[in-house]
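A.B. asks: If you use full-length UniProt numbering, the sequence shown corresponds to residues 1 to 63, in order.
Cβ atoms here follow ideal geometry from the backbone N, Cα and C, with glycine treated the same way.
Bear in mind that the values here come from a model prediction, so they are computed numbers and not experimental data.
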Amino acid sequence: MESQVVDRLLTARDVAEWLATSPATLCRWRQSGKGPRWVALGDASPRYRREDIESWIDEQASC
Numbered sequence: 001m002e003s004q005v006v007d008r009l010l011t012a013r014d015v016a017e018w019l020a021t022s023p024a025t026l027c028r029w030r031q032s033g034k035g036p037r038w039v040a041l042g043d044a045s046p047r048y049r050r051e052d053i054e055s056w057i058d059e060q061a062s063c
C-alpha cells in the first residue's frame with residue numbers, strides 16, 4: 001500500500017521541471033512556507049501530490 005502511495009507522488013525534481021524552476025527554489029519555498037503543499041514520508045525526500053501542484057498553479061494564476 002505505501003509503495004502505491006509513493007508511486008503517485010512527485011519528486012522535487014519532477015515538480016521543478018513542471019514549474020520551470022529548480023529543486024533549490026522548491027527547497028527555499030518549503031523552508032519559507034511558500035510554494036505548493038508537500039509531504040514528508042519518513043526519511044524520504046519531500047514529495048508532492050499532483051492535485052496540490054495543480055491547485056497551487058490555479059491560485060497563482062488568480063493573483
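Starting from L19, follow the alpha helix (DSSP H) in both directions and report where the run begins and ends.
C.D. replies: Start and end: A12 to L19.
A.B. asks: For a test of the three-state rule: what should DSSP assign to R28, helix, strand or coil?
C.D. replies: The answer is helix: DSSP assigns R28 an H, G or I state.
A.B. asks: Count the other CB atoms within 10 Å of the CB of G33; is the residue buried (16 or more) or exposed (fewer)?
C.D. replies: Label assigned to G33: exposed.
A.B. asks: Short check: CB of A12 to CB of P46, under 8 Å?
C.D. replies: Cβ atoms of A12 and P46: closer than 8 Å.
A.B. asks: Roughly how far, in whole angstroms, is the beta-carbon of L10 from the beta-carbon of R37, given that I think they are within contact range, below 8 Å?
C.D. replies: Not a contact, Cβ separation roughly 12 Å.
A.B. asks: So, with DSSP's three-state summary, where would you put R37?
C.D. replies: Residue state, collapsed to three classes: coil.
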